[in-house]
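Going by the numbering used here, the sequence shown wraps up at 324, each residue one higher than the last. Glycine is no exception: its CB is placed at the ideal position from the N, C-alpha and C atoms. Since the structure is predicted, the reported quantities are computational estimates derived from the model, not experimental observations.
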Amino acid sequence: MNVSDMNLRVLQIMSMALSGWARQIDAADVQTLTRECGVDEREAVIQLFAAQCGVEDREKIERYFRPSIEKVDADVFLRNPYLQTVRFPRKTRGRWKLDTMKYQPYELFVRDELLMMPDGREIPRLGYFDRETAYPAVLEDGREWMTVTPNEIATMEEAVRRANGHVVAMGLGLGYFAFRASEKPEVARVTVVERDPDVIALFQEELLPQFPNGKKITVVQDDAFTFAEKRLPDFGADFVFVDLWHDTADGAEMYLRMKKFERRTGAPFAYWIEPSIVALIRGLAHDDAETGRAWAERLLKSGARVEDAAADWLTFDMIR
């Protein structure tokens with residue numbers, strides 16, 4: 005099996021296990037394995053997860069599972085400035101509920117973007133806490149839709165670092181990106197574009213008043229694509245961050261739609277979990293060359309910048 009096939013296969017089985025196909029690892033499992041086999045807790049989690057995924061191949065475990073799984077320090081996570089500052093009352097508005105959820109000890113979760121290895125491997129990065137750890141969430145009809153977890157923190161860090169001047173954020177969520185961007189002295193203001201009035205109301209009533217730099221933040225109710233087409237070119241943005249999707253599966257189409265507005269705006273864009281979305285498009289192309297080529301051509305026609313990693317790959321590996 006070549007590396008592209010292996011990447012896709014590993015991603016599929018890990019995703020299925022995390023989505024509920026397999027029972028979650030718990031503290032009793034880890035304690036039993038560490039006691040009976042004399043391994044440390046991380047090794048126990050690696051072996052237990054590989055077994056849950058039905059993987060016995062030592063090479064696959066060494067090349068994918070071992071570099072994938074790391075313990076996340078709960079204290080470091082909880083010291084994040086947003087989590088230190090903002091409290092999350094249980095509130096419901098329309099279909100949306102503001103709540104606090106919990107990771108159980110050794111429950112695996114996505115902790116960061118795919119790790120791209122020099123040999124072509126794409127390693128899903130998973131993590132766990134060794135104790136029960138709470139995190140804020142917004143649920144839509146009972147389904148987690150917006151959260152602040154180690155994954156959100158890690159995958160937004162580069163966009164936070166790049167934010168400057170007048171920042172436009174497409175998608176509100178729990179306001180994590182807006183909070184972090186507003187902390188920066190070099191950020192003059194943050195305009196957040198959000199379509200759902202109930203999400204805006206929850207944020208403005210319950211969360212925004214707790215933001216130390218909340219006066220920098222303005223929320224505009226609008227569809228992100230309509231805003232990008234009609235208002236963004238003359239809006240004076242210095243940096244644009246796009247976070248409209250729940251995961252890669254629903255993000256790829258929106259990612260391609262938004263790409264075409266970069267050229268019209270002139271400001272640099274950043275996209276939440278862009279490397280993982282590009283990896284998904286690569287996987288689709290691998291499974292269905294005709295579909296993959298069509299997606300690639302759409303991206304090229306959008307006028308995406310040539311230095312963009314996604315445009316780079318799609319241009320040189322698929323179109324030429």
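Residue range of the beta strand (DSSP E) that residue i falls in?
i, result
"glutamine 225", "221-225"
"alanine 141", "137-144"
"leucine 130", "126-132"
"phenylalanine 215", "Segment: none, phenylalanine 215 is in no beta strand (DSSP E) and carries neither H nor E."
"leucine 37", "Premise fails: leucine 37 lies in the alpha helix (DSSP H), 31-41, not in any beta strand (DSSP E)."
"leucine 102", "100-107"
"glutamate 74", "73-75"
"arginine 97", "95-97"
Rounded to whole angstroms, what's the CA-CA distance from residue i to residue j? Just pull it up for me.
i, j, result
"leucine 37", "glycine 58", "17 angstroms"
"phenylalanine 69", "glutamate 233", "43 angstroms"
"proline 237", "valine 197", "14 angstroms"
"aspartate 61", "methionine 10", "12 angstroms"
"phenylalanine 243", "valine 194", "10 angstroms"
"arginine 91", "arginine 27", "31 angstroms"
"phenylalanine 215", "threonine 89", "7 angstroms"
"proline 201", "serine 19", "32 angstroms"
"phenylalanine 183", "phenylalanine 239", "21 angstroms"
"valine 246", "proline 93", "27 angstroms"
"isoleucine 204", "threonine 222", "11 angstroms"
"threonine 104", "methionine 5", "43 angstroms"
"valine 142", "arginine 99", "10 angstroms"
"leucine 176", "alanine 32", "38 angstroms"
"isoleucine 281", "valine 171", "23 angstroms"
"alanine 308", "alanine 271", "Reliability of the predicted coordinates at alanine 308 is poor, the pLDDT of 49 falling under 50, and the value obtained from them is presented with this limitation in mind. The straight-line gap from Cα to Cα measures roughly 12 angstroms."
"alanine 228", "alanine 158", "24 angstroms"
"arginine 166", "methionine 174", "15 angstroms"
"methionine 262", "arginine 147", "25 angstroms"
"threonine 96", "phenylalanine 273", "33 angstroms"
Around the Cβ of residue i, are there at least 16 other Cβ atoms within 10 angstroms (buried) or fewer (exposed)?
i, result
"leucine 3", "There is no way to answer for residue 3, as the model of the chain reaches only from 5 to 324."
"aspartate 123", "exposed"
"valine 7", "exposed"
"glutamate 209", "exposed"
"valine 80", "exposed"
"alanine 241", "buried"
"arginine 286", "buried"
"serine 23", "exposed"
"alanine 283", "buried"
"alanine 21", "buried"
"arginine 83", "exposed"
"threonine 153", "buried"
"arginine 268", "exposed"
With H, G and I counted as helix, E and B as strand and the rest as coil, what does DSSP make of residue i?
i, result
"lysine 188", "coil"
"isoleucine 157", "helix"
"glycine 169", "strand"
"methionine 5", "coil"
"valine 14", "helix"
"arginine 115", "strand"
"isoleucine 285", "helix"
"alanine 271", "coil"
"valine 194", "strand"
"aspartate 200", "coil"
"methionine 20", "helix"
"isoleucine 277", "coil"
"glutamate 162", "helix"
"tryptophan 149", "strand"
"glutamate 66", "helix"
Taking residue i as part of the alpha helix (DSSP H), name the residues at either end of that continuous run.
i, result
"lysine 263", "252-263"
"alanine 55", "45-56"
"valine 246", "Here valine 246 belongs to no alpha helix (DSSP H); instead the beta strand (DSSP E) covers 243-246."
"valine 80", "78-82"
"proline 85", "85-89"
"phenylalanine 231", "228-234"
Within its chain, find whatever has a CB closer than 8 angstroms to the CB of residue i; leave out the 5 residues flanking it on each side and keep chain order.
i, result
"isoleucine 73", "Arg46, Val49, Ile50, Phe53, Leu112, Leu130, Gly131, Tyr132"
"isoleucine 29", "Val49, Leu52, Phe53, Gln56, Tyr110, Glu111, Leu112, Tyr132"
"aspartate 134", "Glu45, Lys75, Ala78, Pro109, Tyr110"
So, at 6 angstroms on beta carbons, what are the nonlocal neighbours of residue i in its own chain, with the 5 sequence-adjacent residues on each side left out?
i, result
"tryptophan 317", "For tryptophan 317, the predicted structure reports a pLDDT of 41, less than 50, and the residue's modelled location is therefore unreliable. The matter cannot be settled from this model."
"lysine 220", "Ser186, Arg193, Val194"
"glutamate 190", "Asn168"
"glycine 218", "Leu212"
"threonine 137", "Ala78, Tyr107"
"tryptophan 249", "Gly255, Met258"
Quick check: is any heavy atom of the ligand ZN less than 7 angstroms from the C-beta of residue i?
i, result
"aspartate 145", "The ligand ZN is not part of this structure, which contains no ligands at all."
Considering only residues of the same chain and omitting the five flanking positions on each side of residue i, which have a CB-CB separation below 7 angstroms?
i, result
"glutamate 156", "Tyr180"
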